[in-house]
Amino acid sequence: MKFDKNLSINRYIWAGNIIEMLSKNRSEASSLTDIGGRDGALKDYCDPLSVNYRGFDLEPMGEACRKWNIEQPFPYTDPKADIVTLLEVVEHLTNPWLGMKNLAEHLNPGGYLLLTTPNPSWSNSRINLLMKGVLSCFSQKDLDLNHHVFTPWPHILEKMLFDNGLKPIEAVTLDGRTQMFAKPLSPARFPLQFGFRSLKKMIEGMDPSSCGMSYAVLAQKIR
Numbered sequence: 137m138k139f140d141k142n143l144s145i146n147r148y149i150w151a152g153n154i155i156e157m158l159s160k161n162r163s164e165a166s167s168l169t170d171i172g173g174r175d176g177a178l179k180d181y182c183d184p185l186s187v188n189y190r191g192f193d194l195e196p197m198g199e200a201c202r203k204w205n206i207e208q209p210f211p212y213t214d215p216k217a218d219i220v221t222l223l224e225v226v227e228h229l230t231n232p233w234l235g236m237k238n239l240a241e242h243l244n245p246g247g248y249l250l251l252t253t254p255n256p257s258w259s260n261s262r263i264n265l266l267m268k269g270v271l272s273c274f275s276q277k278d279l280d281l282n283h284h285v286f287t288p289w290p291h292i293l294e295k296m297l298f299d300n301g302l303k304p305i306e307a308v309t310l311d312g313r314t315q316m317f318a319k320p321l322s323p324a325r326f327p328l329q330f331g332f333r334s335l336k337k338m339i340e341g342m343d344p345s346s347c348g349m350s351y352a353v354l355a356q357k358i359r
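Start counting the sequence shown at 137; every next residue gets the next number (my numbering).
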C-alpha cells in the first residue's frame, strides 16, 4: 500500500473531509456507522452534512452511541451502512480479521470504509525501536493502558482489507512532518532534543511513509 501524501491534520478532520466528499453528490442522505464513537466526537463533523450518523463502541458513553463489539456480528436490525468509520480502533482488536469481516458485512455494496491507525513506520517509532526495542504506541504501557494488541503494518492491513472484500483507494499519513521548533527546546536538553528532531527529519526526508504519527486509508467494498 503506497501512501499518496502526508497531511498536517488529525483523524477527525480527515474523516470529516472524506465524508463530505462522499456525501456531496448523493440524492439521499448517507448512512454512517462510526465504530469507536464512544463520546460522539465525529458526530460534530457529520451534523452539518447530509449524513445519518450512528455511533457504536465497546463501552459507549451518552445517547449518541450504542454497544457493539465488532468481533461479534452486528446485533441490531438497523439497515447496512454506506460509510463505516474506524478511527484508531483496529490496533485494539484481539482478532482484527474477524472484526473487519463483520464490518464488511455491515457495509452496502460499493460502500466505503474510513480507517485510521498509529503508523508503525513513523520516524519516532523507528528511533524508539532502535533505542528501546519497541515501536512508539506499541510498548508494554500501551498494551496495559490502551490494549494496543495489533501492530497495523500497512502491507498487513492491506491484505486484511482485500481478504474481506475491501479495496484501498487512498492512503495518506496524518499529523504532519516533524517541525524543529514546533515545541520549545529545553536549554538543559537542547543538544539531545535538537539531534533527535534532526534525525527524525532526516528519516522523513528519505522515506515519506515515516511522516506522521498515524495513517489513514479510504477503502471501498468491492464484493
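C-beta: ideal position from N, C-alpha, C; glycine also.
Glu156 sits in a helix when the DSSP states are folded into three classes. Ranking Gln276, His291, Asn244 by CA distance to the CA of Asp214 puts Asn244 first.
Taking a C-beta distance under 7 Å as the contact criterion, Trp258 and Ser159 do not qualify as a contact pair.
In the assembly as shown, Pro327 is an exposed residue. Its beta-carbon has fewer than 16 other beta-carbons within 10 Å. The closest CA to that of Phe298, considering only Asp311, Ala240, Leu265, is found on Ala240. Counting along the chain, the unbroken alpha helix (DSSP H) around Asp278 starts and ends at 276 to 282. Counting other Cβ atoms within 10 Å of its Cβ, Leu281 stays below 16 and is therefore classed as exposed.
Excluding five sequence positions before and after Pro211, the CB atoms of its chain that fall closer than 7 Å to its own CB belong to Trp204, given in chain order.
In the three-state reduction of the DSSP assignment, Leu229 falls in the coil class. Per the DSSP secondary-structure output, Val353 pairs in a beta bridge with Leu251, Ala307. Apart from sequence neighbours up to five positions away, the residues of its chain that approach Ser167 with a beta-carbon distance below 6 Å are Asn188, Ala217, Asp218, ordered along the chain.
In this structure, the straight-line span from the alpha carbon of Gly301 to that of Pro232 is close to 14 Å. Asn153 is classed as exposed because its beta carbon has fewer than 16 other beta carbons within 10 Å across all chains shown. Sequence-distant partners of Phe286 (beyond 5 residues in either direction) whose C-beta falls short of 6 Å from its own C-beta, in its chain, are Glu227, Leu229, Pro232.
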